[in-house]
Amino acid sequence: MARYIELHPVNPQARLVEKVVDTLRDGGLVAYPTDSGYALACAPGNKEGLDRIRTIRQLDGKHNFTFVCADFGQVGPLAIVGNNAFRLIKRLTPGPWTFILKGTKDVPRMTLNPKKHTLGVRIPDHAITQSLVAEFGAPILSSTFIRPGQEEPETDGWEIQDSLGHLIDVVIEGPVGQGEPTTVVDLTDDVPEVLREGAGDISLL
Numbered sequence: 139m140a141r142y143i144e145l146h147p148v149n150p151q152a153r154l155v156e157k158v159v160d161t162l163r164d165g166g167l168v169a170y171p172t173d174s175g176y177a178l179a180c181a182p183g184n185k186e187g188l189d190r191i192r193t194i195r196q197l198d199g200k201h202n203f204t205f206v207c208a209d210f211g212q213v214g215p216l217a218i219v220g221n222n223a224f225r226l227i228k229r230l231t232p233g234p235w236t237f238i239l240k241g242t243k244d245v246p247r248m249t250l251n252p253k254k255h256t257l258g259v260r261i262p263d264h265a266i267t268q269s270l271v272a273e274f275g276a277p278i279l280s281s282t283f284i285r286p287g288q289e290e291p292e293t294d295g296w297e298i299q300d301s302l303g304h305l306i307d308v309v310i311e312g313p314v315g316q317g318e319p320t321t322v323v324d325l326t327d328d329v330p331e332v333l334r335e336g337a338g339d340i341s342l343l
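All residue numbers for the sequence shown refer to the numbering used here, where the first residue is 139 and numbers rise by one.
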């Protein structure tokens, strides 16, 4: 059964954040709150963690996994960012957006879309999420926690613990944003393409 950890929504307790990050470093899977809804996270390069996320969400091999970053400075080593994409990401983040970009050669291939070689990048506006990335010291690999057959992400940590705690190593209790998934925008071409409308206001594009 997953370990259930409640973090302060504004000032997450450093000792508890460290325990969560230790779980990520040890190959574990974490359910955590964001500025949209809950998400699932593992360490980049953790193939077992990726497979567990795919199993829980029933994802196919074409899914774009997302690297959750603390700030724009962590995006550069992961993705190829053109001038237009640079300006848009800087303007809209932090916030409930996922941007699809071409991955660089430094990114593990197993985290990329196998045909398009793309990935998602995300810079959330959420204290708990930011504390995890800061303690980890690098982007974490993530996927919005949407159950099979559902359209909206999970929003209740205790419900996740109660129903899926046997599949996850840590569940963090904390507030989420609007309870909608992120808005997903493809920035691989010059013109942004909205792939999924969610919490991010598309009128800002």
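All residues carry an ideal CB built from backbone N, CA and C; glycine is no exception.
Since the structure is predicted, the reported quantities are computational estimates derived from the model, not experimental observations.
At the C-beta level, Ile266 and Pro182 stay beyond 8 Å of one another. Relative to the Cα of Gly336, the nearest Cα in the group Asp328, Val323 and Val329 belongs to Val323.
If you draw a straight line from the Cα of Lys228 to the Cα of Lys240, it is about 17 Å long. Ala223 and Glu156 have their C-alpha atoms spaced approximately 33 Å apart. Here Cys180 is bridged, per DSSP, to Leu279. According to the DSSP secondary-structure assignment, Trp235 is paired through a beta bridge with Thr321. Look at Val309 here: in three-state DSSP terms it is strand. Distances from the CA of Glu144 to each of Val332, Thr236, Glu311 and Pro150 were compared; the closest alpha carbon is that of Glu311. Excluding sequence positions up to five before and after Gly295, its CB lies within less than 6 Å of the CB of Val309 and Glu311, all in the same chain and listed in chain order.
For Ala152, the enclosing alpha helix (DSSP H) stretches over residues Ala152 to Arg163.
For Gly258, the CB contacts under 6 Å within the same chain, skipping 5 residues up- and downstream, are Asn202, Thr204, Thr236 and Ile238 in chain order.
Linking Pro277 to Leu325 through their CA atoms gives a straight-line distance of about 19 Å.
According to the DSSP assignment, Leu333 belongs to the beta strand (DSSP E) that extends over Glu331 to Arg334. A distance of 8 Å or more separates the beta carbons of Thr293 and Pro234. In this structure, DSSP gives Phe203 a state outside helix and strand, which the three-state scheme calls coil.
Residue burial annotation: Glu289 is exposed, with fewer than 16 other C-beta atoms found within 10 angstroms of its C-beta. Note on Gln268: 16 or more other CB atoms within 10 angstroms of its CB, so buried under the neighbour-count rule. In this structure, DSSP gives Ala272 a helical state, which the three-state scheme calls helix. Look at Ile298 here: in three-state DSSP terms it is helix.
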